[in-house]
Structures are given as structure tokens and as C-alpha cells.
Amino acid sequence: MDSSSTPSISDSDSTRRISGRKHPVIAIDGPAGAGKSTLAAHLARRFGFLNLETGAMYRALALKAIDQAVALNDELALLELAGRTQIVPELRPEGNRVLLDGVDVSRRVREADVTAAASQVSVHPRLRQWMVAQQQRMGARGGVVMEGRDIGTVVFPDAEVKIFLDADPEVRGNRRYLQVGPGQKTQEAITHELKERDARDRNRRESPLRPAEDAVVLDSTSMTLEQVLRTAEEIVRRYVEGWEEGRSSGEVAGSKGK
Ligand code: DC
4 MDSSSTPSIS
14 DSDSTRRISG
24 RKHPVIAIDG
34 PAGAGKSTLA
44 AHLARRFGFL
54 NLETGAMYRA
64 LALKAIDQAV
74 ALNDELALLE
84 LAGRTQIVPE
94 LRPEGNRVLL
104 DGVDVSRRVR
114 EADVTAAASQ
124 VSVHPRLRQW
134 MVAQQQRMGA
144 RGGVVMEGRD
154 IGTVVFPDAE
164 VKIFLDADPE
174 VRGNRRYLQV
184 GPGQKTQEAI
194 THELKERDAR
204 DRNRRESPLR
214 PAEDAVVLDS
224 TSMTLEQVLR
234 TAEEIVRRYV
244 EGWEEGRSSG
254 EVAGSKGK
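The sequence shown maps to residues 4 to 261 in the numbering used here.
Written as C-alpha cells, this is what we have:
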């Protein structure tokens, strides 16, 4: 990689002084296929934080709804279902798993039917509140990279570091296609599905996908993965170093955008 072409982070983007914690919440939001999971896993490893993928929780509930033939547009029925469901994201060095009522469903929840169902399930306001309350409990002690759509805006509006990772839909579709490999679906079909999910995520009434006002927006359309990882790493490093410096001088630093 040519490091001279890595987009730089200006001070106003990344070192605004705010109150903060030694064990911060790092919020990674953005549309499907932008590379959030790869980025979140990288940052968690690099800085020794936990990595919580909130999308897996929506996916797990959607899977249970499919299995129990609960209509995806029936908010009350879904809420009742959620009340008798245990979703446990399990953090493991070799990759996170999600347990649904004690069963490992990590692979199943990535399949196309569950992916589409999760997007439908996630539009319901009261169901989101149920998810958000759990996510807030899970991240309350900090030291966590939490990835989703509404982490910086709703789940942890006070997150010390907020990154909104975006990319052109055609580019995201292409990356997904290369990731999945040539199979049943064409690149056009993958891009089309992605745009449909985007539209639902961005236009839903409750917590639509949008960058928090104080998020650093990283548009990765023309960036390599390596550039994205290094840029985000720099943002987090500034927070961590700023916190340590701030502590020794009685002041604490944060890393949010303007
Ligand atoms: O990140 P993902 O693709 O695993 O997410 C699956 C679905 O869940 C996606 O359509 C959007 C939704 N979601 C959400 O609404 N809020 C979150 N914090 C995480 C995911």
C-alpha cells in the first residue's frame, strides 16, 4: 500500500476534547457491505477491545421468526417472540458466534433468507428498543467496538469514538460479489439486494441509518481495505493517547468528528 495516499485525519476531525473513559465505546455504523465487520474485528484485536456485532442479534431473532412462522410485519408477535428468546453474542478469538436459545446459529444467520428477514424485523420501533436495551447493557462497561446502524446515534450517543463507514453501492455490491465468489447470484442481483436493504435501513421511521453528527465519516469508495484499517486505527489511537495525555494533565480527549 502507498501510505502517502492514505487520507489523513485532521485534528478537528479527531481530537476534539470531550470527557471520555479509559475503556471507550467505539461505534462503527454504516450500510451493508461497507466493510464494518472487518474493520470492527480489526480494531478490537488491535486495541484489545470486545467486538459486538449488533446485526447478528437482529439476524438471530429473524431466524427464530422464520422457524416459528411469525409474520415479519407483526410487531406485537415479534415482541412476544423476543420476550421468550435468548440471544447471546459469544466473543471468541477465532471469530464471534451468536447463540440463539443456546444453539450456535452463526452460519445460518448469514444465509439470504435470514438476511432479508433481519432487515424487515429491524424496522419495528418497539423491537428496536428491546435490542437497544440489551446492547446498552452489553456495552455499559466500555472497552468495546460495537458495530451496527444506530450505535453512534441511539445505542451509545456518548460513544467516545464514532466512525461511519460508507461506500458507493455499486462498489459495495462488487466487494460482496468477490467475497461470496461466483455462485448462484450475479453481481447485479447482489447489488440490487443491497440497495433494497439500504433503502429500508435509511428510510425506516425508527432510528434510520444516518451518520451521527459527531461521527467521522469514512467513505471507502476509493480506498483500499488497508487504507480504511489504518485510517480508523489512527482515529482510535488518537483517542487512546489523548486519554492518557489528558489524564496526566487533568484533561480527557475524545475522537469524534466535527
Ligand atoms: O449488519 P448486518 O447486515 O448483520 O445487519 C442485519 C440487519 O439488521 C440489517 O438489515 C440492518 C439491521 N440492523 C439494524 O437495524 N441495526 C443495527 N444496529 C444492526 C443491524
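Quick reminder that beta carbons are idealized off the backbone N, C-alpha and C, glycines included. Keep in mind the model is a prediction, meaning the values are calculated, not measured.
Over the uninterrupted beta strand (DSSP E) stretch that includes Leu-102, give me the two end residues.
-> From DSSP, the beta strand (DSSP E) with Leu-102 extends over 100-103.
Span of the alpha helix (DSSP H) holding Glu-163?
-> No alpha helix (DSSP H) holds Glu-163; DSSP gives it neither H nor E.
Does the ligand DC have a heavy atom nearer than 7 Å to the CB of Ser-109?
-> No, the ligand DC has no heavy atom inside 7 Å of this Cβ.
Give the DSSP-derived three-state secondary structure of Glu-56 in the structure shown.
-> It is a strand residue.
Specify the secondary structure class of Ala-218 as computed by DSSP and reduced to three states.
-> Residue state, collapsed to three classes: coil.
Is Trp-246 buried or exposed, if buried means 16 or more other CB atoms sit within 10 Å of its CB?
-> By the Cβ neighbour-count rule, Trp-246 is buried, with 16 or more other Cβ atoms within 10 Å of its own.
Using 8 Å as the Cβ pair cut-off and three pairs as the minimum, do the region 125-140 and the region 203-210 touch?
-> The region 125-140, when compared against the region 203-210, does touch it at the 8 Å Cβ threshold.
Inspect the beta-carbon positions of Gly-38 and Leu-181 and report whether they are closer than 8 Å.
-> No, the Cβ-Cβ distance between Gly-38 and Leu-181 is not below 8 Å.
Report buried or exposed for Pro-34, applying the criterion of at least 16 other Cβ atoms within 10 angstroms of its Cβ.
-> Per the 10 Å Cβ criterion, buried.
Cα separation between Ala-235 and Lys-188?
-> Using only the alpha carbons, I get a separation of about 32 Å.
Taking Cβ to Cβ, would you say Ala-43 is nearer than 8 Å to Val-148?
-> Yes, they are a contact pair.
Measure the C-alpha to C-alpha separation of Phe-50 and Val-220 and round it to an integer number of angstroms.
-> Near 21 Å, if we compare the C-alpha coordinates of Val-220 and Phe-50.
Residues that DSSP places opposite Glu-93 in a beta bridge = Glu-93 pairs with Arg-100.
With 16 other CB atoms within 10 Å as the buried threshold, where does Arg-110 fall?
-> Result: exposed.
Where the beta strand (DSSP E) through Gly-151 begins and ends | In the DSSP annotation of this structure, the continuous segment of the beta strand (DSSP E) that includes Gly-151 starts and ends at 147-151.
Short Cβ contact (8 Å threshold) for Ala-162 with Val-28 | Yes, the Cβ-Cβ distance between Ala-162 and Val-28 is below 8 Å.
Any heavy atom of the ligand DC within a distance shorter than 7 Å of the CB on Thr-57?
-> Within the cutoff, so yes.
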